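J.: Under our numbering, the final residue of the sequence shown carries the number 445; numbering is consecutive throughout. Heads up, the beta-carbon is just placed ideally off N, CA and C, and yes, glycines get one too. Here the structure is a predicted model, which is why all the values come from computation and not from measurement. Have a look at this one.
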Amino acid sequence: MIETNNLPKHVAIIMDGNGRWAKAKGKNRVFGHRSGTQAVKKIVEKSAEMGIDYLTLYAFSTENWDRPKTEVSSLMDLLIKALRRELDKMLSNNIQLRSIGDISQLPAEVEKELKDTIEKTSKNSGMVLTLALNYGARQELTQAIQEISRKVKNNIISPENVDETIINEHLYTRNLPGVDLLIRTSGEQRISNFLLWQIAYAELYFSTVLWPDFNEEHFRTAIDSYKKRERRFGKTSEQLTN
Ligand code: IPE
Ligand code: IPE
Ligand code: MG
Numbered sequence: 204m205i206e207t208n209n210l211p212k213h214v215a216i217i218m219d220g221n222g223r224w225a226k227a228k229g230k231n232r233v234f235g236h237r238s239g240t241q242a243v244k245k246i247v248e249k250s251a252e253m254g255i256d257y258l259t260l261y262a263f264s265t266e267n268w269d270r271p272k273t274e275v276s277s278l279m280d281l282l283i284k285a286l287r288r289e290l291d292k293m294l295s296n297n298i299q300l301r302s303i304g305d306i307s308q309l310p311a312e313v314e315k316e317l318k319d320t321i322e323k324t325s326k327n328s329g330m331v332l333t334l335a336l337n338y339g340a341r342q343e344l345t346q347a348i349q350e351i352s353r354k355v356k357n358n359i360i361s362p363e364n365v366d367e368t369i370i371n372e373h374l375y376t377r378n379l380p381g382v383d384l385l386i387r388t389s390g391e392q393r394i395s396n397f398l399l400w401q402i403a404y405a406e407l408y409f410s411t412v413l414w415p416d417f418n419e420e421h422f423r424t425a426i427d428s429y430k431k432r433e434r435r436f437g438k439t440s441e442q443l444t445n
């Protein structure tokens with residue numbers, strides 16, 4: 204059922220806790236990541252069904268390269284497989300895939316599979332699903348500042364004209380609206396270099412559930428929590444109700 208009242212337009216999720224979930228079961232971390240991809244499938248389908256316009260998932264950070272090599276390569280492998288497996292579903296659910304982050308640094312095969320899937324779903328007009336891959340907010344802001352500096356140096360933009368719109372246009376998220384709701388699972392209460400600029404006015408929701416266990420009901424609870432909040436954007440409560 205599509206509901207429109209007070210639904211967040213853009214939901215971003217820091218999918219955390221795969222490793223701890225596996226450890227609690229006496230399994231290796233990769234087992235946790237594999238189960239995590241099942242949770243991704245559920246939440247993507249639920250979001251599309253609810254009528255969320257934009258869902259952005261933190262899948263691999265610029266810092267995650269520092270994990271053991273075998274874990275990194277398993278994550279890349281899982282990503283390729285998930286893209287292949289889910290293409291038909293994305294097409295039948297009218298989901299448009301996008302990515303943020305420096306994907307040129309991903310293994311060539313991952314980059315290719317990702318680009319192919321993005322291309323194949325590009326005509327879809329339903330929910331926009333964005334995967335943050337080799338994404339780091341500091342890296343994103345750094346490359347934006349470099350690009351803007353180059354343009355200023357070449358007299359394409361004057362320094363006085365550098366405003367929020369110009370900055371937005373140089374971020375990976377240039378075609379996405381600001382984040383309304385940011386969810387993090389696993390009980391950690393930190394941002395871990397995700398979407399720093401874009402969450403300036405997002406509502407934050409922390410769940411203690413580990414990502415592989417995060418299901419449609421947990422997601423629904425997060426959305427319901429969001430719906431009850433009053434977003435004041437600096438104004439007073441009275442101003443909003445009048
Ligand atoms: C999130 O789960 C998945 C990625 C960061 C790729 P973790 O692997 O961080 O799980 P924990 O935090 O170790 O439990
Ligand atoms: C954040 O999770 C990155 C992703 C979910 C992809 P981490 O598990 O890497 O975060 P930290 O390092 O514990 O903050
Ligand atoms: Mg973690």
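Do the segment 274-290 and the segment 298-318 touch if we need at least three Cβ pairs shorter than 8 Å?
T.: yes
J.: For TRP414, verify whether its CB is less than 7 Å away from any heavy atom of ligand 1.
T.: yes
J.: Where does ILE394 fall in DSSP's three states?
T.: If DSSP states are grouped into helix, strand and coil, ILE394 belongs with coil.
J.: Taking only heavy atoms of ligand 1 into account, decide whether any of them is closer than 7 Å to the Cβ of ASN279.
T.: The sequence given here places Met at residue 279; Asn does not occur at that position. Because no heavy atom of ligand 1 lies under 7 Å away, the Cβ of MET279 does not count as near it: no.
J.: Give a single yes or no on whether GLY390 has its beta carbon closer than 7 Å to a heavy atom of ligand 3.
T.: GLY390: no, Cβ never under 7 Å from ligand 3.
J.: With burial defined as no fewer than 16 other Cβ atoms inside 10 Å of the residue's Cβ, what is the status of ARG435: buried or exposed?
T.: exposed
J.: Comparing alpha-carbon positions, which option in GLU343, ASP366, ARG353 and GLU391 lies nearest THR376?
T.: GLU343
J.: Of all the options HIS236, LYS230, MET293 and LYS212, which has the alpha carbon lying nearest to the alpha carbon of MET218?
T.: Nearest in C-alpha terms to MET218, of all of HIS236, LYS230, MET293 and LYS212, is HIS236.
J.: In angstroms, rounded to a whole number, what distance separates the CA positions of LEU265 and GLU312?
T.: The residue you asked about is not Leu; residue 265 is Thr in the sequence shown. One C-alpha to the other measures close to 18 Å.
J.: For TYR257, does the count of other Cβ atoms within 10 angstroms reach 16, so buried, or fall short, so exposed?
T.: buried
J.: Report back the beta-carbon spacing between VAL247 and LEU384 to the nearest angstrom; my notes put them in contact at under 8 Å.
T.: Incorrect: roughly 15 Å between the Cβ atoms, too far for contact.
J.: Heavy atom of ligand 1 less than 7 Å from the Cβ of GLY304, yes or no?
T.: no
J.: Along the chain, which unbroken stretches of the alpha helix (DSSP H) at least 4 residues long are found entirely within the segment 343-376?
T.: 367-372
J.: Does DSSP classify LEU399 as helix, strand or coil?
T.: It is coil, neither helix nor strand.
J.: First and last residue of the alpha helix (DSSP H) that includes ILE255?
T.: Note, ILE255: premise wrong, no alpha helix (DSSP H); not H, not E.
J.: Taking only runs of the beta strand (DSSP E) that begin and end inside the segment 207-287, which ones reach a length of at least 3 residues, in chain order?
T.: 213-217 and 257-264
J.: Where does PHE422 fall in DSSP's three states?
T.: Of the three classes helix, strand and coil, the one that applies to PHE422 here is helix, per DSSP.
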